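**Q** Quick one: structure below, then a few questions.
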Amino acid sequence: MEQYVIKGGIPLKGEVGIGGAKNAALAILAAANMTDETVRIENLPDVRDINALIEAMRDIGTRVDRVDRHTVMVNGSCVENCIVENENMKKIRASYYLLGALLGKYKKAQVPLPGGCNIGSRPIDQHLKGFKAMGVETKIEHGFIIAKAKRLHGAHIFLDMVSVGATINIMMAASMAEGNTTIENAAKEPHVVDVASFLNSMGARIKGAGTDVIRVTGVQRLHKSDYSIIPDQIEAGTFMFVSAVTGGDVLLHNVIPKHLEATTLKLLELGCKVREYDDAIQVIGPEKLHSTHVKTMPYPGFPTDMQPQIAVSLALADGTSIVTESIFENRFRYVDELIRMGASIKVEGNVAVITGVDRFTGAHVNTPDLRAGAALVIAGLAAEGITIVDDIYYIERGYENLDRKLRQLGAKIEKVSGEKEIQKFRLKVG
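Below you can see the structure in the form of structure tokens.
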């Protein structure tokens, strides 16, 4: 079992590059199957979820060739069947994107029910509602979603709740449906816009992405494209909080500052200095963080994927803060681990009341999910002494070379396997 071992208490300073957006990349990879021509995708993050999806695509006959670590060529002309049976697909949430892509092109698909982090109920009813309106018959058998349509037609679809996954899935299928599709109450996240831009680069006709009404005019075929994925706003936000919590000074390259506005505003409330540039952002942490309140909301609100990271910051801030989680009911599973490190947090339902403490102390903690794992690493960077973070598999689902990037900023962190390597680290750092 691989772990991170961290010696905290060091203000992190320097520059770090942000990779491509995982959540956009997963959908874009799936959508690349919708043309028989070769698609070139750049700025692809090299993380576990991406690699799992690539293997699943290869299993159904898609040709995926790596040009380099962050660039692939995808050709879906040789897809042999629309049954996705790869075992890894049961472990990641984005397995369902192959549903919309294969339905759009082949009018049939069989995909495992999605897995991923256990952060709460994430039903797929809005996906199935949209597909049904477009003429798709769906059923769930033996852990698979089975979908088929004699004819895929446009429809007027109102989502009962804002859902990024449903918005993207319906948008993909509608791109090759007959006629016009309107998606109301659509998600506005940057990766929704990025997927729409990618589909449009292949010849799709999508308007309104980034607003709550998306209109799609179906086309008969899509063509080749060269496309670069947007920067990852959650990776960027994570490093912004790294700087805040450690009292550091970090300059992030390869970002889109507008995508980070909700995070930036909260960092200012925490007492940080934030400087924005065209494609970079600098965060300087204060001597002592200030308390504030935060409620997670769909974009452009404060992202649920940044909630554990800001909670770590508030746990070290002056005063009492309230964090309200409005998206996922199990997002506070990391709280017990932070309490091991000295945090004072009380959770009632979807609300956490956080009373700031002067310091964390290192402890042996367990990663419950992807973003909580990143937050525990941040806590370890701020803590006195040694912190060991278990189950970093979750973290590697969405962060590429997190330990190496942190070392670039001066952090004392290593990936280890077992007690002997931990002891070596202890001797090395003193």
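The sequence shown maps to residues 759 to 1188 in this note's numbering. Glycine is no exception: its CB is placed at the ideal position from the N, C-alpha and C atoms. For clarity, every value in this text was computed on a predicted model and none was experimentally measured.
1. If you draw a straight line from the C-alpha of residue 1183 to the C-alpha of residue 1125, how long is it?
2. Return the CA-CA distance between residue 1141 and residue 1008, expressed in angstroms with no decimal places.
3. What would DSSP say about residue 824, mapped onto helix, strand or coil?
4. Using CA coordinates, which residue listed in 1053, 1059, 1011 and 914 is at the minimum distance from residue 1033?
5. When DSSP builds the beta bridges, which residues end up paired with residue 964?
6. Just verifying my parser: in three-state terms, what is the DSSP assignment at residue 948?
7. Taking only beta-carbon atoms, is residue 1084 less than 9 Å away from chain B?
8. Closest by CA to residue 1086, which one among 1109, 1096 and 1104?
9. Do the segment 891 to 908 and the segment 822 to 834 touch if we need at least three Cβ pairs shorter than 8 Å?
10. For residue 1064, name the three-state secondary structure that DSSP assigns.
11. Roughly how many whole angstroms lie between the Cα atoms of residue 1168 and residue 1043?
12. In whole angstroms, give me the CA-to-CA distance for residue 929 and residue 941.
13. If you draw a straight line from the C-alpha of residue 1133 to the C-alpha of residue 860, how long is it?
14. If you compare alpha carbons, which of 790, 760 and 961 is closest to residue 987?
15. Under the assumption that residue 783 contacts residue 802 (Cβ atoms under 8 Å), give the Cβ distance between them as a whole number of angstroms.
16. Are residue 741 and residue 989 closer than 9 Å when you measure CB to CB?
17. Going straight from the alpha carbon of residue 879 to that of residue 923, what length do you get?
18. Per DSSP, what kind of secondary structure is residue 831 in: helix, strand or coil?
**A** The answer reads as follows:
1. Indexing the sequence shown from 1 puts residue 1183 at position 425. Indexing the sequence shown from 1 puts residue 1125 at position 367. Whole-angstrom Cα-Cα distance: 20 Å.
2. For the purposes of this step, residue 1141 is taken as the residue at position 383 of the sequence shown. For the purposes of this step, residue 1008 is taken as the residue at position 250 of the sequence shown. Here the alpha carbons of residue 1008 and residue 1141 stand approximately 19 Å from one another.
3. For the purposes of this step, residue 824 is taken as residue 66 along the sequence shown, with counting starting at 1. Residue 824: strand per DSSP, three-state reduction.
4. Here the question's residue 1033 lines up with position 275 in the sequence shown. The shortest Cα separation from residue 1033 among 1053, 1059, 1011 and 914 belongs to 1011.
5. The residue labelled residue 964 in the question sits at position 206 within the sequence shown. DSSP lists 974 as partners of residue 964.
6. Along the sequence shown, one-based indexing puts residue 948 at 190. Looking at residue 948 - three-state DSSP - the assignment turns out to be helix.
7. The structure shown contains no chain B, having only a single protein chain.
8. Here residue 1086 corresponds to residue number 328 of the sequence shown, with the count starting at 1. Nearest option by C-alpha distance: 1109.
9. no
10. As a working note, residue 1064 is residue 306 in the sequence shown. Helix.
11. As a working mapping, residue 1168 is identified with position 410 in the sequence shown. As a working mapping, residue 1043 is identified with position 285 in the sequence shown. CA-CA distance, residue 1168 to residue 1043, rounds to 15 Å.
12. Reading the sequence shown from its first residue, position 171 is the one you call residue 929. Reading the sequence shown from its first residue, position 183 is the one you call residue 941. In a straight line, the C-alpha of residue 929 is about 8 Å away from that of residue 941.
13. Within the sequence shown, numbered from 1, the residue matching residue 1133 stands at position 375. Within the sequence shown, numbered from 1, the residue matching residue 860 stands at position 102. Whole-angstrom Cα-Cα distance: 36 Å.
14. Taking the first residue of the sequence shown as 1, we reach residue 987 at position 229. Checking every option, the nearest Cα to that of residue 987 belongs to 790.
15. Within the sequence shown, the letter at position 25 stands for residue 783. Within the sequence shown, the letter at position 44 stands for residue 802. With 8 Å as the limit, residue 783 and residue 802 qualify as a contact, their Cβ atoms being about 5 Å apart.
16. Missing from the structure shown is residue 741; the chain here goes from 759 to 1188 and no further.
17. The residue you call residue 879 lines up with position 121 of the sequence shown. The residue you call residue 923 lines up with position 165 of the sequence shown. Here the model assigns residue 879 a pLDDT of 44, short of 50, so the residue's position is not dependable, and the following value carries that caveat. If you take the alpha carbons of residue 879 and residue 923, they lie about 13 Å apart.
18. Within the sequence shown, the letter at position 73 stands for residue 831. Note: residue 831 maps to strand in three-state DSSP.
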